[in-house]
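See structure below.
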């Protein structure tokens, strides 16, 4: 089968041919149609989870995917041959990811049956970005009447967070490039600010202090500065481990380095939001598998505009 792999942590991803993975007891083999691209994918390639003892090389990249169950390793599997499925495949950290023609889903993976009328590309875009956005809303305690600043709002998680925060009745301030401003407003942002200019000055001029900051991109020096926008008792959530909780606490703020919890029920919940029309997903690009290394390189640059999905 064709797959996008790295030969070692830190190596450049490349296309190669590998044997199809065989499902063990309780596992199913999935023939993939699409794979969602997340920054987590290239971070794993760089060695983010290098402490995983049973990782094997060449390491197949990709966490999110959608496809069809083609084989079962035993008779007691949760998913059955012929099921159209999607979700987060935890084998990615061990080198058995979704940037491939086939992968394997285990009983504890957040992989579920797809809604009948959902396209594969859309399904592959949902698991990590959708679940993270829902959990960010809960962890930040976003509620009606609050003002929330979302930094990195135009990417996969960001576009979902804007919609979910607005749906909760929050006043959303989104950072994005000027050319993405109309789309951010269409998703529910009350105000769009250009991250290339003085962020603090723009936000203070438009809204004053905010109740919560959801930061999907900034490093530690920026978080310390931007935290000055928070009201006393406000919450700063970072998805890139850039917050110092003790330093935030000393300033009368709550700082959290967010990690998604996921799970099959969470994936089903996100799919239900899409089915109900409560969550829209903009697909920025859907390159074929052989172009995945270039798409990963583009993702490293940041400033995403919607979601990228790899067509297998």
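Residue numbers (this note's numbering): 19 to 330.
Glycine included, C-beta positions come from ideal geometry on N, C-alpha and C.
How many whole angstroms separate the CB atoms of residue i and residue j, which I take to be in contact at a CB cut-off of 8 angstroms?
i	j	result
residue 221	residue 211	6 angstroms
residue 73	residue 112	5 angstroms
residue 209	residue 191	5 angstroms
residue 291	residue 60	Residue 291 to residue 60, Cβ: 27 angstroms. No contact.
residue 168	residue 183	7 angstroms
residue 78	residue 146	Actually they are not in contact, since the Cβ atoms of residue 78 and residue 146 sit about 17 angstroms apart, beyond 8 angstroms.
Hey, quick one: how far does the beta strand (DSSP E) through residue i stretch, first residue to last?
i	result
residue 34	32-35
residue 334	With the chain represented from 19 up to 330, any question about residue 334 goes unanswered, as that position is not in the structure.
residue 49	46-54
residue 106	102-106
Where does the unbroken alpha helix (DSSP H) through residue i begin, and where does it stop?
i	result
residue 138	138-143
residue 61	57-64
residue 201	199-205
residue 181	174-185
residue 291	282-293
residue 221	217-224
residue 317	310-318
residue 82	No alpha helix (DSSP H) contains residue 82, which is instead part of the beta strand (DSSP E) from 82-90.
What do you get for residue i, buried or exposed, if any count of 16 or more other CB atoms within 10 angstroms of its CB means buried?
i	result
residue 43	exposed
residue 31	buried
residue 41	buried
residue 84	buried
residue 201	buried
residue 325	buried
Go through its chain and collect everything with a Cβ distance to residue i's Cβ below 6 angstroms, but skip five positions before and after it.
i	result
residue 129	103, 105 and 123
residue 253	158, 230 and 272
residue 274	255
residue 108	127
residue 54	82, 142, 143 and 327
residue 188	160, 164 and 166
residue 224	209
Considering only residues of the same chain and omitting the five flanking positions on each side of residue i, which have a CB-CB separation below 7 angstroms?
i	result
residue 181	205, 206, 297 and 298
residue 276	154, 157, 255, 256 and 257
residue 280	106, 128 and 149
residue 75	25, 26 and 113
residue 217	193, 211 and 244
residue 261	241, 254, 273, 274 and 275
residue 34	21, 23 and 76
residue 94	44
Ignore the nearest five residues each way along the sequence and tell me which others in residue i's own chain have a CB closer than 8 angstroms to its CB.
i	result
residue 312	305
residue 131	97, 101, 102 and 103
residue 64	27 and 28
residue 265	242 and 273
residue 270	250 and 251
residue 120	19, 38, 39, 47, 48, 49, 50 and 88
For the ligand FAD, I want to know if residue i counts as a neighbour, meaning its beta carbon is within less than 7 angstroms of at least one of the ligand's heavy atoms.
i	result
residue 235	Ligands displayed in this structure: none; no statement on the ligand FAD is therefore possible.
At a Cβ threshold of 8 angstroms, is residue i touching chain D?
i	result
residue 143	Within the model displayed, chain D is absent; a lone protein chain is all it includes.
Segment contact, 8 angstroms Cβ cut-off, at least three pairs: the region 81-90 with the region 98-107: Put simply, the region 81-90 touches the region 98-107. At least three CB pairs are less than 8 angstroms apart.
At least three beta-carbon pairs within less than 8 angstroms, the region 144-154 to the region 282-292: In short, these stretches touch, since the Cβ pair count reaches three.
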